[in-house]
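J.: Sequence positions in the sequence shown follow this note's numbering and run 193 to 574. The beta carbon of each residue, even a glycine, is placed where N, CA and C say it ideally should be.
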Amino acid sequence: MARRCADVGSLGSHFESLTDPRHTRNRKHLLVDIIVISICGILCGAPGPTAIHRWAKSKHEWLANYLALPNGIPSRDCIRRLLLALKPEAFQKCFEEWITSGVECDEAGERRLLAIDGKCCRRSHEASKDWGPLHIVSAWASEHGIALGQVATEDKSNEITAIPQLLTRIDLTRTIVTIDAIGCQKEIAQQVVTGGGDFVIAVKDNQPKLHQAIVDVFAEHLEHDLEELQYREYETEDAGHGRIDERAYYLTRLPKNFALKTEWPWIKAIGYAVRLTQHADGRETHDVRYYMLSRYLSGQRFAEAVRGHWSIESMHWVLDVNFREDDCRTRERTLANNLSWLRRFAITRLKHHPLNESLRGKMQIAGWNNDFLAQVLTGHYL
Numbered sequence: 193m194a195r196r197c198a199d200v201g202s203l204g205s206h207f208e209s210l211t212d213p214r215h216t217r218n219r220k221h222l223l224v225d226i227i228v229i230s231i232c233g234i235l236c237g238a239p240g241p242t243a244i245h246r247w248a249k250s251k252h253e254w255l256a257n258y259l260a261l262p263n264g265i266p267s268r269d270c271i272r273r274l275l276l277a278l279k280p281e282a283f284q285k286c287f288e289e290w291i292t293s294g295v296e297c298d299e300a301g302e303r304r305l306l307a308i309d310g311k312c313c314r315r316s317h318e319a320s321k322d323w324g325p326l327h328i329v330s331a332w333a334s335e336h337g338i339a340l341g342q343v344a345t346e347d348k349s350n351e352i353t354a355i356p357q358l359l360t361r362i363d364l365t366r367t368i369v370t371i372d373a374i375g376c377q378k379e380i381a382q383q384v385v386t387g388g389g390d391f392v393i394a395v396k397d398n399q400p401k402l403h404q405a406i407v408d409v410f411a412e413h414l415e416h417d418l419e420e421l422q423y424r425e426y427e428t429e430d431a432g433h434g435r436i437d438e439r440a441y442y443l444t445r446l447p448k449n450f451a452l453k454t455e456w457p458w459i460k461a462i463g464y465a466v467r468l469t470q471h472a473d474g475r476e477t478h479d480v481r482y483y484m485l486s487r488y489l490s491g492q493r494f495a496e497a498v499r500g501h502w503s504i505e506s507m508h509w510v511l512d513v514n515f516r517e518d519d520c521r522t523r524e525r526t527l528a529n530n531l532s533w534l535r536r537f538a539i540t541r542l543k544h545h546p547l548n549e550s551l552r553g554k555m556q557i558a559g560w561n562n563d564f565l566a567q568v569l570t571g572h573y574l
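1) Does the separation of the CB atoms of residue 526 and residue 276 fall below 8 Å?
2) Taking only the alpha-carbon atoms, compute the straight-line gap between residue 468 and residue 507 and give it to the nearest angstrom.
3) Taking the C-alpha atoms as reference points, what is the distance between residue 458 and residue 378?
4) Go to residue 370, then tell me how far its beta strand (DSSP E) extends in each direction, as first and last residue.
5) Just curious, the beta strand (DSSP E) that residue 515 is in, first and last residue?
6) Can you tell which of 415, 367 and 520 has the C-alpha that lies nearest to the C-alpha of residue 237?
7) Please list the terminal residues of the continuous beta strand (DSSP E) segment that includes residue 234.
8) Is it a yes or a no for the segment 393-403 touching the segment 416-432, going by three-plus beta-carbon pairs under 8 Å?
9) Only counting the same chain, and skipping five residues up and downstream in sequence, which positions put a Cβ closer than 8 Å to that of residue 351?
10) Taking the beta carbon of residue 208 as the centre, do at least 16 other beta carbons fall within 10 Å, making it buried, or is it exposed?
11) From the DSSP output, in three-state form, read off residue 437 for me.
12) Nearest by alpha-carbon distance to residue 366: which of 333, 547 and 353 is it?
13) Roughly how far, in whole angstroms, is the beta-carbon of residue 343 from the beta-carbon of residue 484, given that I think they are within contact range, below 8 Å?
14) Using the beta-carbon count (16 or more within 10 Å), is residue 573 buried or exposed?
15) Leaving out the 5 sequence neighbours to the left and right, which residues in its chain are closer than 6 Å to residue 241 when beta-carbon positions are compared?
16) Any chance the segment 434-444 sits against the segment 460-474, with 3 or more Cβ pairs inside 8 Å?
17) Let me know the alpha helix (DSSP H) ranges lying completely inside the segment 446-508, each 4 residues or longer, listed in chain order.
18) Give the range of the alpha helix (DSSP H) segment to which residue 352 is assigned.
19) Taking DSSP's pairing of strands, which residues face residue 304 in a bridge?
20) For a quick check, are the C-beta atoms of residue 331 and residue 306 less than 8 Å apart?
21) I'd like the ranges of any beta strand (DSSP E) spanning at least 3 consecutive residues and lying wholly in the segment 396-440.
22) To the nearest angstrom, how far is it from the Cα of residue 492 to the Cα of residue 425?
23) Is residue 228 near residue 570, with beta carbons less than 8 Å apart?
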């Protein structure tokens, strides 16, 4: 019998409020048993219901220490049907207490950074039904490495409507929300501020007037080396992957004569970030990005917000490389959504285990070592 280093069975308490969508005559297996098994299987690298079932069969004795399993291990079809029937919003809400404990913000501390971005599940398309790939818009606590929620949409252009849905599920109090240019919308900016948060949103040509107005402000003062502009700045230098990146961040309060001040009353500051890259072959490249802010942050915090947004892109990379999400051929939208959420949750749990191993290494150890898997699940480390 496996040594109990943590009570894995207690995790089922998080799902006691979840309504079982199955007909009573089809409930051979407990709802919480199937969910805990699914979470464990995904943590160990299982891509879907079939692999989750295989993993559970091989771990039957260990699982029996913690779960009721009145009729043994559920079949792959049983796991699939449940994950297909669970409403994603209700399912994600059950994880709320489990995950938010790691992102509590001290009233006297810095506002937490919350990155929002979309990702395409490329092989989830269905030509016979004229379905394109599924897009998932996620919320990611940048500094804590924690997934806070997601919304699925049928098309990348619908991210504009998915972002407000996602924001309604999250407590924005004392939060700085970072969004790429697709989220540069008046309704989104207003929603963040109304919800008690602040924003740092990239501005590009999808808002041509606003973009040009910000460019003009800085262009005018750059002619005089910013001597007549009150601003805050922060600089960094990083070396790696055969290149050197020098970054400079500048922000200033919104000028009183700003052309679009009335149209965008939530903007209190504007900024831009410059990156100069020296490549190993001697080439130099650079790019400039512009931002609108609802608060006049310090130069360092502005830099942290801009750079912190990269962490959600890193999480998307992990989903594709370690969990092979892009290769997943799951076509049912609800099933794909729920599996995608479990992968994001798995990243959260694995990243927070203190073992000095890569995330892939932790996945492998979790599949081999029952005690380590229990530690990842419960957060009780030996």
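T.: Reading it off the structure:
1) yes
2) Taking the straight line joining both Cα atoms gives about 25 Å.
3) 9 Å
4) 367-371
5) Looking at the DSSP string, residue 515 is not in any beta strand (DSSP E), and its letter there is neither H nor E.
6) 520
7) It is not in any beta strand (DSSP E) - residue 234 instead sits in the alpha helix (DSSP H) that spans 223-235.
8) no
9) 310, 327, 329, 345, 374 and 375
10) exposed
11) When secondary structure is reduced to three states using DSSP, residue 437 falls in the strand class.
12) 333
13) A Cβ-Cβ separation of about 23 Å leaves residue 343 out of contact with residue 484 under the 8 Å criterion.
14) exposed
15) 268, 271 and 272
16) Result yes; three or more Cβ-Cβ pairs closer than 8 Å.
17) The qualifying runs are 491-500.
18) 351-360
19) 367
20) Going by beta carbons, residue 331 and residue 306 fall inside the 8 Å limit.
21) 424-432
22) When rounded, the distance between both Cα atoms is 7 Å.
23) no
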